[in-house]
Amino acid sequence: MEEQEIGVPAASLAGIKHIILILSGKGGVGKSSVTTQTALTLCSMGFKVGVLDIDLTGPSLPRMFGLENESIYQGPEGWQPVKVETNSTGSLSVISLGFLLGDRGNSVIWRGPKKTSMIKQFISDVAWGELDYLLIDTPPGTSDEHISIAEELRYSKPDGGIVVTTPQSVATADVKKEINFCKKVDLKILGIIENMSGFVCPHCAECTNIFSSGGGKRLSEQFSVPYLGNVPIDPKFVEMIENQVSSKKTLVEMYRESSLCHIFEEIMKKLRKQDTTTPVEDKHEQPQIESPK
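Heads up, the sequence shown is in the UniProt record's numbering, so the first residue is 1 and it goes up one at a time.
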């Protein structure tokens, strides 16, 4: 692993136009599901997408993308991401600690320094090439890992973070801590997504509010950050993930036919209206200590 020069962005990220972190105040809110669906939607829109699973204690994205039996290798330019078959104009590639575990059921019990070292390698030693979007699935909550991620990405000028919550007050309370953390590390909040907001009947497709609703919207108003939308629970999405390996269609093709795809397309439209990205050619300029504009 090459040492990253202080004040200079990681060379592995130089060809990436947009870097977006997916955050949550607590576990169990469907952050990895949101990361997966964001990637599938952007890919179906024709973009080149990379997904970095940096949730070291619970790397779930290999399973979400049907890549559990895949592994990664290190080439001359660094770790090579695992490609996801798309059959579309876009492309999709994934890096996860899950690819490095011999037994997928193993727990990852590491102390801080080892986690920090792995985060540095994930960020600085992956051969992403040219991408339109890099989505980073972070651990839940706020921890030393988040500080390490923010420090490693600081000079690469990430667009910001999407905060995922559920409607319940116990989840929105933890999101407040996440928002305050983002402010302290100068990470722009691109918006809030309220996940698990309602339940889509698998028979009639009617959406019913089985939990409380509106928590994400109220948070966005309280902290003056964009509200990107609410996403219901759809059993057909779970079925799609479970059956993708045996399907004749790619996951991108199946998701394009899903009702959730239309919801995420609207979320992506809101996100893309925000002028947050630093052009690729400006990546190596010295950054100011402020949120990306």
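From the three backbone atoms N, C-alpha and C, an ideal C-beta is built for every residue, glycine too.
Practice prompt. Enumerate, from N- to C-terminal direction, the unbroken alpha helix (DSSP H) stretches of 4 or more residues contained entirely within the stretch 212-238.
Written response: 215-223
Worksheet entry | Helix, strand or coil at Leu21 according to DSSP, with G and I counted as helix | strand
Worksheet item: The beta strand (DSSP E) spanning Asn195 covers which residue range?
Response: 189-200
Worksheet item: Considering only residues of the stretch 63-128, which uninterrupted beta strand (DSSP E) runs meet the minimum length of 3 residues and lie entirely inside it, listed in chain order?
Response: 82-84, 91-96
Discussion item. Using only the alpha-carbon positions, how far apart do Leu42 and Asn87 sit?
Written reply: 14 Å
Worksheet item: Roughly how many angstroms separate the alpha carbons of Ile241 and Met64, rounded to a whole number?
Response: 6 Å
Worksheet item: When DSSP builds the beta bridges, which residues end up paired with Thr208?
Response: Phe199
Worksheet item: Where does Lys248 fall in DSSP's three states?
Response: coil
Fill in: Sequence-distant residues of the same chain with beta carbon closer than 8 Å to Phe99, five excluded per side
Pro62, Leu67, Glu70, Ser71, Ile72, Val82
Fill in: Beta-bridge partners of Ile16, as assigned by DSSP
Leu131
Worksheet entry | Which residues DSSP lists as bridging residue 313, in chain order | Outside the shown range of the chain, which is 1 to 293, sits residue 313, and nothing can be said about it.
Worksheet item: Rounded C-beta distance between Asp159 and His18? I'm assuming under 8 Å.
Response: 5 Å
Practice prompt. Can you say whether Thr38 is buried or exposed, counting buried as having 16 or more other CB atoms within 10 angstroms of its CB?
Written response: buried
Discussion item. Just to confirm, is the Cβ distance from Ser197 to Pro167 under 8 Å?
Written reply: A distance below 8 Å separates the beta carbons of Ser197 and Pro167.
Worksheet item: Distance, Cα to Cα, Ser213 vs Pro232?
Response: 11 Å
Worksheet item: Can at least three beta-carbon pairs, one atom from the stretch 9-23 and one from the stretch 124-143, be found at a separation below 8 Å?
Response: Output reads yes: the stretch 124-143 touches the stretch 9-23.
Item to complete: Measure the alpha-carbon distance for Cys207 versus Ser258 and round it to whole angstroms.
Response: 14 Å
Worksheet item: Which residue from Lys48, Gln74, Met268 puts its Cα closest to that of Ile192?
Response: Met268
Worksheet item: Should the stretch 173-182 be regarded as contacting the stretch 126-146, the criterion being three or more beta carbon pairs within less than 8 Å?
Response: yes
Worksheet entry | Distance between beta carbons of Asp53 and Ser96, contact taken as under 8 Å | Between Asp53 and Ser96 the Cβ distance is about 4 Å, and since that is below 8 Å, they are a contact.
Practice prompt. Mark Ser112 as exposed unless 16 or more other C-beta atoms lie within 10 angstroms of its C-beta, in which case mark it buried.
Written response: Per the sequence presented here, residue 112 reads as Gly, with Ser not at that position. Classification of Gly112: exposed, given that the 10 Å Cβ count is below 16.
Practice prompt. Note down, in chain order, each residue of its chain lying with its Cβ closer than 6 Å to the Cβ of Leu153, except the 5 sequence neighbours on either side.
Written response: Short of 6 Å from the beta carbon of Leu153, and not among the five residues preceding or following it, lies no beta carbon of its own chain.
Worksheet item: Between the Cα of Val51 and the Cα atoms of Ser93, Val34, Gly58, Gly25, which residue gives the shortest distance?
Response: Out of Ser93, Val34, Gly58, Gly25, Ser93 has the C-alpha closest to the C-alpha of Val51.
Fill in: Proximal residues to Thr36 (C-beta, below 6 Å), its chain only, five neighbours per side dropped
Met64
Worksheet entry | Residue ranges of each beta strand (DSSP E) within the stretch 147-174, 3 or longer | 160-165
Worksheet item: Is Lys26 helix, strand or coil by DSSP?
Response: coil
Practice prompt. Can you have a look at Asn195 and say buried or exposed, based on whether 16 or more other CB atoms are within 10 angstroms of its CB?
Written response: Counting Cβ neighbours within 10 Å, Asn195 comes out buried, since at least 16 surround it.
Fill in: Cα-Cα separation between Gln121 and Pro226, rounded to whole angstroms
Straight through space, the alpha carbons of Pro226 and Gln121 are spaced by roughly 32 Å.
Item to complete: Answer yes or no: do Gly161 and Leu21 have a C-beta to C-beta separation smaller than 8 Å?
Response: Leu21 is positioned such that its CB atom lies closer than 8 Å to that of Gly161.
Worksheet item: To the nearest angstrom, how far is it from the Cα of Gly28 to the Cα of Ala150?
Response: 23 Å
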